[in-house]
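According to the numbering used here, the sequence shown is numbered sequentially starting from 1.
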Amino acid sequence: MEEGTKSKKTVFVGGISDDTDETTLYESFSTFGDILEVQLPPPVTQHYQNQNASAPKHRGFAFVTFSSSADAQDAIDNMDMNELKGRVLKVNLARPMKAALNLTGNRAIWESEEWLKEHVKPLAQSGGVQGRHARSQSPSAEPEESEKNKDDDEAMEE
Numbered sequence: 001m002e003e004g005t006k007s008k009k010t011v012f013v014g015g016i017s018d019d020t021d022e023t024t025l026y027e028s029f030s031t032f033g034d035i036l037e038v039q040l041p042p043p044v045t046q047h048y049q050n051q052n053a054s055a056p057k058h059r060g061f062a063f064v065t066f067s068s069s070a071d072a073q074d075a076i077d078n079m080d081m082n083e084l085k086g087r088v089l090k091v092n093l094a095r096p097m098k099a100a101l102n103l104t105g106n107r108a109i110w111e112s113e114e115w116l117k118e119h120v121k122p123l124a125q126s127g128g129v130q131g132r133h134a135r136s137q138s139p140s141a142e143p144e145e146s147e148k149n150k151d152d153d154e155a156m157e158e
């Protein structure tokens with residue numbers, strides 16, 4: 001067995017038919033070892049309670065978690081490219097989702113409190129509206145403005 005597969009106990013089962021349920025998967029995969037859990041992720045569009053009977057009950061794949069990594073490897077070796085209810089299965093080790101780092105979905109990055117705390121300064125420190133008002137009311141800001149205007153006037157004369 002490969003080094004990375006020793007601690008892996010969950011297998012991905014792809015290509016399952018619409019009429020396959022948790023019981024069918026449990027019965028098919030239990031011959032390889034003790035199963036802790038069988039997951040059939042629901043379809044993405046299953047937000048309504050009154051959907052029609054012909055709608056799919058799952059996404060066409062499942063996850064089976066075994067009690068040991070050796071059992072999971074046996075299931076992969078024996079069930080990959082085998083048929084279940086008229087469909088050829090693709091069975092391999094389950095991998096974490098690529099989008100697992102983005103837990104907010106389609107939300108803007110600045111909607112996250114952690115991002116705001118790390119990247120955003122208070123408005124007075126960032127030079128925002130309040131910071132500009134505070135600088136324009138202080139006496140030290142006036143000489144800078146007058147020197148800037150003087151430089152602009154000299155540039156126009158040349």
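Every residue, glycine too, gets a C-beta built ideally from N, C-alpha and C.
Computed from a predicted structure; not experimentally measured.
Beta strand (DSSP E) segment containing residue i, residue limits
i	result
Thr-10	10 to 14
Lys-90	90 to 93
Within 8 Å, strictly: CB atoms of residue i and residue j
i	j	result
Phe-66	Ile-35	yes
Val-64	Val-11	yes
Gly-14	Lys-90	yes
Asp-80	Asn-92	yes
Val-44	Glu-22	no
Same chain only: Cβ atoms within 8 Å of residue i, ignoring 5 sequence neighbours per side
i	result
Ser-68	Lys-9, Gly-33, Asp-34
Ala-94	Lys-8, Thr-10, Val-11, Phe-12, Phe-63
Pro-28	According to the sequence shown, residue 28 is Ser rather than Pro. Met-79, Leu-84, listed in sequence order.
Collapsed DSSP secondary structure at residue i in the structure displayed
i	result
Phe-32	helix
Thr-20	coil
Ala-62	strand
Leu-40	coil
Close beta carbons around residue i, own chain, < 7 Å, minus the five adjacent residues each side
i	result
Asp-74	Phe-32, Gly-33
Arg-87	Gly-15, Ile-16, Ser-17
Leu-25	Val-13, Val-38, Ala-62, Val-64
The alpha helix (DSSP H) enclosing residue i, as first and last residue numbers
i	result
Asn-78	69 to 79
Lys-117	113 to 119
Other residues of its chain near residue i: CB distance less than 6 Å, five sequence neighbours each side excluded
i	result
Pro-96	none
Thr-20	Lys-85
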